[in-house]
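See structure below.
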Amino acid sequence: MPFDLQGTLRRLKPHKRLERLTRRADSELAWASGEPLIGSPLILDTCVYLDVLQGRTPEAVDELLTYRVCHHSAVCLAELTHVFGRLDPAHPSTSAVLQTIRDVIEDIPRHRLQAPDTAMWGEAGMLAGELFRLSGAPKGAGHERKYLNDALIYLQARDIGASVLTGNVGDFDFLNQLVPGVPIILYRQA
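Just so it is clear: in the sequence shown, position 125 is 171 by my numbering, and no numbers are missing.
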């Protein structure tokens, strides 16, 4: 699918937004604890994998992961496989960490792994730039790459009709304000 720059500019209107984003009150957001067990499919943010591995997910998240159809993003796959190149092979815990990540990746059903297309990449770049500009994040702190990954996951959820499950409350609340209509289900670590 080709990227339609003019269509994306008309849809997102990044030049029209000038005011800084502020996070909405918790009462205005959808939390895992208030979600029915049966519902729309989920697409998982990378923090979900890490929180599950470290035993930091609340019971409500564990239940959603059990009962809902879960889709996985190639963006998260890249964030997880990053450790295979990043970790020091000489460190005593590296082997165990890599085996754990290997097991997680091998458990992802191939038919549930979603990759962004060209149009999504183009729109995500624009959305991430807008999020960076309007969030007040400091330059040079790595937020722009992080926002790009978050925007890709968010747009993938829109594309497949899924809810984003994430513990990243701030970034996904901002994305939801910029592009409403994609359900997000939030949680805080247990």
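Even glycine gets a Cβ: it sits at the ideal position worked out from N, Cα and C.
Given 8 Å, three or more beta-carbon pairs between the stretch 91-109 and the stretch 161-176
Counting Cβ pairs under 8 Å, fewer than three are found: no touch.
With a CB to CB cut of under 8 Å and the five nearest residues on each side skipped, what residues in its chain are close to THR140?
Taking the sequence shown and counting its residues from 1, one reaches residue 140 at position 94. Within the same chain, THR140 has close Cβ partners LEU133 and ASP134.
If you follow the alpha helix (DSSP H) that VAL5 is in, where does it begin and where does it stop?
Residue 5 lies beyond the stretch modelled for the chain, which goes from 47 to 236, so this question has no answer here.
Simplified DSSP state of VAL150, which is helix, strand or coil:
Your numbering for residue 150 matches position 104 in the sequence shown. Reduced to three states, the DSSP call for VAL150 is helix.
Reduced DSSP secondary structure (H/G/I, E/B, other) of VAL210
Start at 1 with the first residue of the sequence shown, and residue 210 comes out as number 164. In the structure shown, VAL210 adopts extended strand secondary structure according to DSSP, grouped into three states.
GLY213: buried (16+ other C-beta within 10 angstroms of its C-beta) or exposed?
One-based indexing of the sequence shown puts residue 213 at position 167. Result: buried.
Assign GLN160 to one of three DSSP states: helix, strand, or coil.
Position 114 of the sequence shown holds residue 160. Note: GLN160 maps to strand in three-state DSSP.
According to DSSP, which residues form a beta bridge with TRP167?
As a first step, residue 167 is located in the sequence shown; it is residue number 121 there, counting from the start. The partner list for TRP167 (beta bridge, DSSP) is empty, contrary to what the question assumes.
Exposed or buried, ARG70, counting other C-beta atoms within 10 Å across all chains shown (16 or more means buried)?
Locating residue 70 in the sequence shown gives position 24, counting from the first residue. ARG70 comes out exposed.
Comparing alpha-carbon positions, which option in ILE231, LEU211 and GLU65 lies nearest ALA181?
Stepping through the sequence shown from its first residue, residue 181 is reached at position 135. The sequence shown places Ser at residue 181, rather than the Ala named in the question. Considering only alpha carbons, the answer is GLU65.
Counting C-beta neighbours from all protein chains within 10 Å, is the total for ARG114 16 or more, i.e. buried, or is it exposed?
Position 68 of the sequence shown holds residue 114. When all chains shown are included, ARG114 counts as buried.
Counting only beta-carbon atoms, is HIS157 nearer than 9 Å to chain D?
Looking for chain D here will not work: only one protein chain is present.
So, do the stretch 52-63 and the stretch 73-87 have three or more beta carbon pairs nearer to each other than 8 Å?
No, the stretch 52-63 is not in contact with the stretch 73-87.
For GLU74, count neighbouring C-beta atoms within 10 Å of its own C-beta (all shown protein chains included) and say buried if the count is 16 or more, exposed if not.
Taking the first residue of the sequence shown as position 1, residue 74 is located at position 28. By the beta-carbon neighbour count (other beta carbons within 10 angstroms, threshold 16), GLU74 is exposed.
Are the CB atoms of PRO162 and ALA120 nearer to each other than 9 Å?
In the sequence shown, counting from the first residue as 1, residue 162 sits at position 116. In the sequence shown, counting from the first residue as 1, residue 120 sits at position 74. By the CB criterion at 9 Å, PRO162 and ALA120 fall inside the cutoff.
Whole alpha helix (DSSP H) elements within the stretch 174-226, 4-residue minimum:
Every alpha helix (DSSP H) stretch that sits fully inside the stretch 174-226 and reaches 4 residues is listed by chain position as 189-206 and 215-224.
Among THR92, TYR233 and TYR200, the one whose alpha carbon lies nearest that of LEU224
Residue numbering aside, residue 224 sits at position 178 when the sequence shown is read from its first letter. Nearest C-alpha to LEU224: TYR200.
Run of the alpha helix (DSSP H) containing HIS117, from where it starts to where it stops:
The sequence position of residue 117 within the sequence shown is 71, counting from 1. Where HIS117 is concerned, there is no enclosing alpha helix (DSSP H), although the beta strand (DSSP E) it sits in stretches over 116-119.
Chain-order list of residues whose beta-carbon lies under 6 Å from that of LEU221 (same chain, five-residue window excluded):
The residue labelled residue 221 in the question sits at position 175 within the sequence shown. For LEU221, same chain residues with a beta-carbon under 6 Å away, outside a window of 5 residues either side, are TYR200 in chain order.
Leaving aside the five residues before and after SER237 along the sequence, list all residues of the same chain whose C-beta is less than 8 Å from its C-beta, in chain order.
The displayed coordinates of the chain run from 47 to 236. Any statement about residue 237 would go beyond what the structure contains.
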